[in-house]
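Residue numbers (my numbering): 8 to 261.
Heads up, the beta-carbon is just placed ideally off N, CA and C, and yes, glycines get one too.
Quantities reported herein were computed from a predicted structural model and do not represent experimental measurements.
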Amino acid sequence: MKGGKWTRRFRGAAGPCLRVRTAALPGAGRGRLRVGQTLTVGREGRLPLGGQIPNTRVSRKALVVTATDFGWDLDVHNRNGATLHAWGQPPQAIAGQVRVTWPRAAVRIHTRDLPAATHHWVLLEDDTLPLPTAGPRPARDTTTGRTATPPPPLPMTPSQEQAVRLVFADLLLWPPSLPANPLQLKQAATRLGISEQGVCDRLGWAHGRALQLGLHQEVGLTTPEYLYFLVSTGYLAPPTTQSCRVLRPWLDED
8 MKGGKWTRRF
18 RGAAGPCLRV
28 RTAALPGAGR
38 GRLRVGQTLT
48 VGREGRLPLG
58 GQIPNTRVSR
68 KALVVTATDF
78 GWDLDVHNRN
88 GATLHAWGQP
98 PQAIAGQVRV
108 TWPRAAVRIH
118 TRDLPAATHH
128 WVLLEDDTLP
138 LPTAGPRPAR
148 DTTTGRTATP
158 PPPLPMTPSQ
168 EQAVRLVFAD
178 LLLWPPSLPA
188 NPLQLKQAAT
198 RLGISEQGVC
208 DRLGWAHGRA
218 LQLGLHQEVG
228 LTTPEYLYFL
238 VSTGYLAPPT
248 TQSCRVLRPW
258 LDED
């Protein structure tokens with residue numbers, strides 16, 4: 008939700024950080040969530056959600072989050088469901104127990120009766136979780152039994168990456184925002200001060216890299232499938248966020 012405030016933010020000693028975003032609130036409190044600690048989010052959770060802005064369609068225990076050495080273990084209890092938005096990846100519905108090993112991921116808690124511009128988010132941030140190294144995954148040679156690793160495509164040039172990040176800016180926002188739609192090529196050309204064909208050329212190089220990396224088919228230059236592929240293979244870095252300040256020592260209890 009654009010213009011919202013943070014209600015809480017938590018960080019563990021090894022880097023994992025959890026934040027909750029909801030409708031506009033007058034401030035933010037912060038504290039630590041250590042690796043191995045579990046936190047309940049919901050109307051009656053240790054971290055309240057759907058309380059200050061009352062909403063009975065957020066479950067009393069909507070989400071249980073555990074910080075681990077490898078990311079986050081989630082247990083979704085919200086009766087109206089939830090959606091996982093891993094940064095730079097397509098959203099996916101989640102239920103029950105889910106493991107997240109991605110440096111930036113958001114869980115959208117569904118309420119179904121809210122206006123379209125209002126959403127409840129649980130943001131999971133961990134700078135110790137790297138994206139995959141840029142390049143193709145090894146392919147096994149079925150004839151010799153050896154693993155063959157082709158040389159990775161060259162990185163995108165600054166102008167190519169600029170075009171990709173501009174056209175897909177809404178899909179790369181952190182924290183996420185809805186709706187998230189690609190920019191039209193004509194609008195991108197105006198903002199970059201180049202021709203529409205120039206934008207197509209820059210995006211075409213990025214699209215070609217995705218095909219070299221294993222994208223299964225050609226897609227439109229404003230279709231995000233190749234963006235998701237570039238992110239998942241390490242060709243676009245996630246955003247950085249400010250470190251957490253410690254203002255709630257009760258979360259430091261062992």
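Roughly how many angstroms lie between the CA atoms of Gln99 and Asn87, to the nearest whole one?
15 Å
With H, G and I counted as helix, E and B as strand and the rest as coil, what does DSSP make of Glu132? Note: Glu132 maps to strand in three-state DSSP.
Quiz item: Thinking C-beta only, is Arg64 closer than 8 Å to Arg115?
Solution: 8 Å or more divides the Cβ of Arg115 from the Cβ of Arg64.
| message | Tell me the DSSP secondary structure of Leu54 in three-state form. | response | strand
message = Which of the three DSSP states is assigned to Lys12 in this structure?
response = Note on Lys12: pLDDT 32, under 50, position unreliable in the model; the coordinate value appears next. Correct three-state label for Lys12: coil.
Margin query: Rounded to the nearest angstrom, what separates His84 and Thr247 at their Cα positions?
Written below: 30 Å
Pairwise C-alpha distance: Val129 and Gly95
17 Å
Check: Closest by CA to Thr135, which one among Val42, Leu185, Tyr233?
Finding: Val42
**Terminal residues of the alpha helix (DSSP H) in which Val171 lies** = 165-174
task: Report the option in Thr45, Gly57, Ala217 whose CA atom is closest to the CA atom of Met292.
output: Nothing in the structure corresponds to residue 292, since the chain is present only between 8 and 261.
- Message: Within 8 Å, do at least three Cβ pairs link the segment 64-74 to the segment 43-54?
- Response: yes
Considering just the uninterrupted stretch of the beta strand (DSSP E) at Trp109, what are its terminal residues?
Per DSSP, Trp109 lies in no beta strand (DSSP E) segment and is marked neither H nor E.
For Gly103, which residues from the same chain have a beta carbon less than 8 Å from its beta carbon, with the 5 sequence-adjacent residues on both sides left out?
Within the same chain, Cβ atoms closer than 8 Å to the Cβ of Gly103 are found at Asp82, Val83, the five residues on either side in sequence being excluded.
For this session: For Thr45, name the three-state secondary structure that DSSP assigns.
Result: strand
Q. Under the rule that 16 or more other beta-carbon atoms within 10 Å means buried, what is Ala244, buried or exposed?
A. exposed
Taking DSSP's pairing of strands, which residues face Gly78 in a bridge? Thr75
Margin query: At the level of alpha carbons, what is the spacing between Thr125 and Glu168?
Written below: 31 Å
Of the residues Leu210, Val171, Leu131, which one's Cα is nearest the Cα of Trp181? Minimum Cα distance to Trp181 is reached at Leu131.
### Query
Quick one: what's got a C-beta closer than 7 Å to Tyr235's C-beta in the same chain, skipping five residues either side?
Gly95, Gln96, Pro97
- Starting from the C-beta of Asn188, find all residues in its chain whose C-beta is less than 7 Å away, skip the five residues before and the five after it, and write them out in chain order. Here the set comprises Asp177.
Contacting residues, own chain, Cβ-Cβ under 6 Å from Leu138 (five flanking each side not counted)
Only Gly241 meet the Cβ criterion.
Discussion item. Buried or exposed for Arg53, going by 16 or more other Cβ atoms inside 10 Å?
Written reply: Classification for Arg53: exposed.
For Arg115, which residues does DSSP report across the bridge? Thr90, Trp128
Cα-Cα separation, Trp79 to Thr230: 30 Å
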